[in-house]
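Residue numbers (the working numbering): 1338 to 1667.
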């Protein structure tokens, strides 16, 4: 649900920036100002990631997720009630902070709470639910495009609150991360969580194995002291720097590849540059972004069979050719 919300947040503004009532309300901002209004959300996401990096280990995973949802609810409420450009910009920044905390915390929490054999498939399924959220946003925007007045854009923004409340309620039924509990000296509570997650008694060998792995990892972290960014430049026995830089590089290229053009602006591009009608642009935007969903199906269901390295390389060749074709059409 958290990543459905993330996808919805990503996609909902694409169908709004071209709405006539939206443009009238904010004085028909020029393309530069419109770009700032849209992208300041990403600046908020960056800030949220930094806050998560600093405070998440102190607050715990569940509290961090609740804090993230509060930011998103406040930001969505502010966006819904906005009548001026500074108002909507601040609101989107606040929403972005919540999203940054959410997307930094949820994968970590999910990894720490599931079996190692299921971890890869569960984490790789997160983009699938991002795609679901993007599709919900696009088709909701398409339906609301037939409705006159400000409700056509205020209601889709306000619906972010529904997803955030759902996440808050769902987190109430989840335990804290056992790794976090062990790291803060709550051994009995951590053991109880492991027993609950694996549905086994405390003396079961599986519980002892998982407990031993967590404690060993924490011991190694304490022995090596606080992690420093300079460690990325060092070579160690587990190739930490290479692995971290590979992950960073893939995320960086994911953004530099132009995906945000498709998610945020494909409706505007089709309407203003290609000359299609607003309804047809919204319709095609929903169809185009469905490829995000279908592409996410492959790693979700076939990661174990094909391996991570092959899947990491598989999208590289089709991307430049497909984007070149899109730009030629535009």
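From the three backbone atoms N, C-alpha and C, an ideal C-beta is built for every residue, glycine too.
Pull up the CB-CB distance for residue 1471 and residue 1629, whole angstroms please, since I reckon it's below 8 Å. 6 Å
For residue 1485, the first and last residue of its enclosing alpha helix (DSSP H) | In the DSSP assignment, residue 1485 falls outside any alpha helix (DSSP H) and carries neither an H nor an E.
Nearest residue (CA-CA) to residue 1521, options 1556, 1347, 1489: 1556
Q) Sorted by chain position, which residues of the same chain lie with C-beta nearer than 8 Å to residue 1351's C-beta, five sequence neighbours on each side aside? A) 1474, 1475, 1478, 1600, 1601, 1602, 1603, 1604, 1605, 1622
- What residues in its chain sit with their C-beta under 6 Å from that of residue 1429, if we drop five residues either side in the sequence? Non-local C-beta neighbours of residue 1429 in its own chain, meaning closer than 6 Å and more than five positions away in sequence, comprise 1377, 1378, ordered along the chain.
**Message:** So residue 1346 and residue 1436 are supposed to be a Cβ contact under 8 Å. How far apart are they, rounded?
**Reply:** 6 Å
Report yes or no: do three or more beta-carbon pairs, one from the segment 1408-1417 and one from the segment 1489-1501, lie closer than 8 Å? yes
Note to self: With H, G and I counted as helix, E and B as strand and the rest as coil, what does DSSP make of residue 1338?
What the structure shows: coil
Confirm, please, whether the CB-CB distance from residue 1344 to residue 1433 is below 8 Å.
no
Of the choices 1631, 1338, 1619, 1632, whose alpha-carbon is the least far from that of residue 1483?
1619
_Neighbourhood of residue 1388 by C-beta, 8 Å cutoff - its chain only, sequence neighbours within 5 removed_ = 1434, 1437, 1438
**Prompt:** Once you ignore the five residues that flank residue 1446 on each side, which residues in its own chain have a CB closer than 6 Å to its CB?
**Reply:** The answer, listed in chain order, is 1398, 1514.
- Hey, out of 1454, 1485, 1440, 1451, whose CA is closest to residue 1464's CA? 1440
- For residue 1376, which of helix, strand or coil comes out of DSSP? The three-state secondary structure of residue 1376, taken from DSSP, is helix.
Secondary structure of residue 1424, DSSP reduced to three states | helix
- Query: Would you call the CB atoms of residue 1363 and residue 1460 closer than 8 Å?
  - Reply: Taking 8 Å as the cut-off, the Cβ atoms of residue 1363 and residue 1460 do not count as close.
- Residue range of the alpha helix (DSSP H) that includes residue 1513: No alpha helix (DSSP H) holds residue 1513; DSSP gives it neither H nor E.
Check the C-beta distance from residue 1402 over to residue 1508 and give it rounded, since I have them as a contact under 8 Å. 5 Å
* From 1420, 1426, 1535, pick the residue whose C-alpha is nearest to that of residue 1449; which is it? -> 1535
query: Where are the beta strand (DSSP E) runs, 3 residues long or more, that stay fully inside the segment 1357-1413, in chain order?
result: none
Alpha carbons only, please: which of 1349, 1617, 1627, 1358 is nearest the one belonging to residue 1485?
1358
*DSSP state of residue 1635 mapped onto helix, strand, coil*: helix
TODO: Determine, using beta carbons only, whether residue 1355 and residue 1615 come nearer to each other than 8 Å.
DONE: Yes, Cβ-Cβ distance for residue 1355 and residue 1615 is below 8 Å.
Q: Could you work out which residue in 1385, 1559, 1582, 1617 is closest to residue 1480 when comparing CA atoms only?
A: 1617
Practice prompt. Taking only the alpha-carbon atoms, compute the straight-line gap between residue 1396 and residue 1503 and give it to the nearest angstrom.
Written response: 21 Å
Rounded Cβ spacing between residue 1425 and residue 1374 (contact assumed at less than 8 Å):
6 Å between Cβ atoms; contact.
Item to complete: Determine the direct distance from the alpha carbon of residue 1400 to that of residue 1592, and round the result to whole angstroms.
Response: 29 Å
Alpha carbon of residue 1635 to alpha carbon of residue 1456, nearest angstrom:
Whole-angstrom Cα-Cα distance: 16 Å.
Check your understanding: Are the CB atoms of residue 1551 and residue 1519 nearer to each other than 8 Å?
Key -> yes
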